[in-house]
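Structure first, commentary second.
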Amino acid sequence: MTGKVAPDQMARKAQAVAYWLLPETAARAVLSREIRMLARRFGAPLFEPHVTIFVAPESSRPPLDVLCKLPPVKIELTIHSIRFGEQFTKTLFVQFATNSTLQQLGDAIWKASGAGDGYLIDPHLSLLYAKLPPETKQRLADKIRLPFREVCFSSIFAMRCARPTTTASEVERWKLLAP
Numbered sequence: 008m009t010g011k012v013a014p015d016q017m018a019r020k021a022q023a024v025a026y027w028l029l030p031e032t033a034a035r036a037v038l039s040r041e042i043r044m045l046a047r048r049f050g051a052p053l054f055e056p057h058v059t060i061f062v063a064p065e066s067s068r069p070p071l072d073v074l075c076k077l078p079p080v081k082i083e084l085t086i087h088s089i090r091f092g093e094q095f096t097k098t099l100f101v102q103f104a105t106n107s108t109l110q111q112l113g114d115a116i117w118k119a120s121g122a123g124d125g126y127l128i129d130p131h132l133s134l135l136y137a138k139l140p141p142e143t144k145q146r147l148a149d150k151i152r153l154p155f156r157e158v159c160f161s162s163i164f165a166m167r168c169a170r171p172t173t174t175a176s177e178v179e180r181w182k183l184l185a186p
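The sequence shown runs 8 to 186 under our numbering.
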């Protein structure tokens with residue numbers, strides 16, 4: 008007897024564990040408001056403001072075990088610019104200047120997770136996930152003005168996500184694994 012594979016299972020992507028750095032309360036409120044406003048305007052998914060610092064295969068060590076091995080986190084990142092890109096998860100984003108402390112944290116998570124491959128951090132915080140024409144993205148990037156130049160981050164979350172995430176429905180299925 009041959010079994011049929013459901014279309015949902017055929018379309019299922021590899022799952023991963025993404026480790027996110029979250030901004031402190033004041034900046035998080037401003038960034039969340041911007042994300043909500045853009046999501047409402049473009050019918051896009053909502054998500055927490057975050058900087059991805061490492062992505063591990065789902066088969067790596069449990070996120071709680073990984074996070075327990077880390078020291079308390081307090082990292083300040085400087086905003087470089089507001090940018091946009093072709094990649095769904097980089098539709099419109101805040102680009103931060105590179106930071107060796109951030110990369111060291113990413114490397115610590117990599118080692119604690121037991122993942123095979125390292126991860127070069129591209130410190131950015133997405134504001135919108137949508138498929139838009141380049142002219143629209145350029146106009147949005149030109150208009151965004153944040154009331155700060157630095158953002159302080161002090162907490163890490165682990166999220167289950169599709170790798171790569173390319174649709175709004177995949178964003179909506181992200182799941183918190185460990186705060």
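Just so it is clear, CB atoms sit at the ideal spot from N, CA and C, and this is done for glycine as well. Computed from a prediction, not measured in an experiment: that's the story for all the values here.
Nearest in C-alpha terms to F54, of all of F61, A63, V62, E41, is E41. Comparing alpha carbon positions, the residue from A34, G125, T98, L29 closest to P140 is T98. DSSP places I82 within a strand segment (E or B) once states are collapsed to three. The beta carbon of H131 sits closer than 6 Å to those of F100, Q102, all from its chain and outside the five residues before and after it, given in chain order.
Ranking G125, V24, G121, S39 by CA distance to the CA of Q110 puts G125 first.
Counting only unbroken stretches of 3 or more residues, the beta strand (DSSP E) elements lying wholly within the region 37-107 are 58-64, 82-91, 99-103, in sequence order.
Where L184 is concerned, the enclosing beta strand (DSSP E) starts and stops at 182-185.
Using a Cβ-Cβ distance cut-off of 8 Å, the region 140-151 and the region 167-175 are not in contact, since fewer than three pairs of beta carbons, one from each stretch, lie closer than that value. Linking V24 to E177 through their CA atoms gives a straight-line distance of about 14 Å. If you look at P140, you'll find it isn't in any alpha helix (DSSP H); DSSP assigns it neither H nor E. A165 and D72 have their C-alpha atoms some 11 Å from each other.
S133 is bridged by DSSP to F100.
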